[in-house]
Amino acid sequence: MKINEALKKERLAQHKTQVRWIKDINMSVSHYSEIESGYVRNGVSSDIDSEDLILLLKSNHVNINDFFDLVQDSYIVSESTTVAQQLFEELYIAFTNKDYKKADKIKKEIVQMPNIPKSLRYCASLITADLKDNMLSLDQKVKDEIDRYIYQSNDWVNDNEALIIFGNSIPVLNKENLVMRMGQLLRRYKDINEFPKNIKIRISTICMNYLYDAILNRKIDKHIEECFKLINELPADDVFGLKKIIARYLSDVYNGKETYSEELRSIFIRSGMKNIADHLFI
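Start counting the sequence shown at 781; every next residue gets the next number (my numbering).
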């Protein structure tokens, strides 16, 4: 039995509507309905994030071990999927180290693999293009494919894969589309602390990418204050602390007050984060 079938079985066993079933997780009824029905779009089945699945089961008092015992025989991880995931992890390491040759080599391996998830292929293209020349050479066809893929659903702001690709593609998106989509995202996640931790991390990362591009590169004013507000409302802990520090610096730049820029650059470098310093202090 597959996960979507098992979810429906458990929901019906508890005599719950889909609205009641998902009331404690960050997901629209329309998206959950697609998951439960096994809806396929462009050859890809609607899926549920692993953390959302755990939260869903817990909130409905479903025994997690029993649930996975029920579905495990339906899922076999192929060798190609495992290899693709490993390559993608190596790609991010290459990105952190600004190693374009390594990243390009990995990307070529990824795109040649059969049945590769589109999100991996698109992210690989974005990362290597960023390392090469700040995405100036990214093929327009790839840009158009990414744009269509992200927004093929009106519910894209609730789609984990679409959010990941959107965050990575901010530097190459058309300015008008970027501003419009950022507005949609900020309206959806206005009350950020009402969402689970994994959602806070994902949305705050997108906001930081937008602030960096809008303030340091494109000089966009729209949605800047909303992004700062969202970051400021996050907990001041080890998960979000670095983002809050960088957001404070970007706020100073935006408002023409770079009083502590050299001190902050020094702190980043001495803390082993020269890559961040090189991106911010230009």
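Glycine included, C-beta positions come from ideal geometry on N, C-alpha and C. Keep in mind that this is a model prediction, so the values were computed, not measured.
#1: Please go through the same chain and pick out, in chain order, the residues whose beta-carbon is closer than 6 Å to the beta-carbon of residue 881, but skip the five residues on each side of it.
#2: Look at the Cβ atom of residue 915, then the Cβ atom of residue 952, and state whether they are nearer than 8 Å.
#3: To the nearest whole angstrom, what separates the beta carbons of residue 986 and residue 943, a pair I think is in contact under 8 Å?
#4: Here's a check: name, in chain order, each residue in its chain whose Cβ is nearer than 8 Å to the Cβ of residue 997, leaving out the five neighbours to either side.
#5: Among 1022, 955, 801, which one has its Cα closest to the Cα of residue 842?
#6: Considering only residues of the same chain and omitting the five flanking positions on each side of residue 735, which have a CB-CB separation below 7 Å?
#7: Helix, strand or coil: which one does DSSP assign to residue 1008?
#8: Could you tell me whether the Cβ atoms of residue 1023 and residue 1011 are closer together than 8 Å?
#9: Measuring straight from C-alpha to C-alpha, what distance separates residue 995 and residue 962?
#10: Which parts of the segment 886-958 are runs of the alpha helix (DSSP H), unbroken and 4 residues or longer, counting only runs that do not cross its ends?
#11: Since I believe residue 847 is in contact with residue 786 (beta carbons under 8 Å), could you give me their beta-carbon distance rounded to a whole number of angstroms?
#12: In whole angstroms, what is the alpha-carbon distance linking residue 978 and residue 931?
#13: Helix, strand or coil, according to DSSP, for residue 879 in the structure here?
#14: Given a cut-off of 8 Å on the beta-carbon distance, is the pair residue 945 and residue 972 in contact?
#15: Hey, how far is the Cα of residue 851 from the Cα of residue 1008?
#16: Tell me, to the nearest whole angstrom, how far the beta carbon of residue 1063 is from that of residue 875; I am working on the premise that it is less than 8 Å.
#17: Could you check how far apart the C-beta atoms of residue 837 and residue 844 are, in whole angstroms? I think they sit under 8 Å.
#18: Please go through the same chain and pick out, in chain order, the residues whose beta-carbon is closer than 8 Å to the beta-carbon of residue 798, but skip the five residues on each side of it.
#19: Which runs of the beta strand (DSSP E) spanning at least 3 residues fall entirely within the segment 798-838, listed in chain order?
#20: According to the neighbour-count rule (16 or more other Cβ atoms, all chains shown, within 10 Å of its Cβ), is residue 909 buried or exposed?
#21: With distances taken between CB atoms, is the gap from residue 1000 to residue 955 smaller than 8 Å?
#22: According to DSSP, is residue 1049 helix, strand or coil?
#23: Going by alpha carbons, who is nearest to residue 1013 out of 1053, 834, 983?
#24: Return the CA-CA distance between residue 1019 and residue 976, expressed in angstroms with no decimal places.
#25: Quick check: is the beta carbon of residue 836 nearer than 8 Å to any beta carbon in chain D?
#26: Less than 7 Å between C-beta atoms, sequence neighbours within five positions excluded: which residues of the same chain meet that for residue 896?
With the structure as the only source:
#1: none
#2: yes
#3: 7 Å
#4: 951
#5: 801
#6: A question about residue 735 goes unanswered here, because the residues of the chain that appear run from 781 up to 1062.
#7: helix
#8: yes
#9: 14 Å
#10: 898-913, 920-930, 940-949
#11: 6 Å
#12: 22 Å
#13: coil
#14: no
#15: 43 Å
#16: Lying before the first or after the last residue shown, residue 1063 is absent from the chain, which here runs from 781 to 1062.
#17: 5 Å
#18: 791, 809, 812, 813, 816
#19: none
#20: buried
#21: yes
#22: helix
#23: 983
#24: 13 Å
#25: This model lacks chain D altogether, as it is built from one protein chain only.
#26: 864, 890
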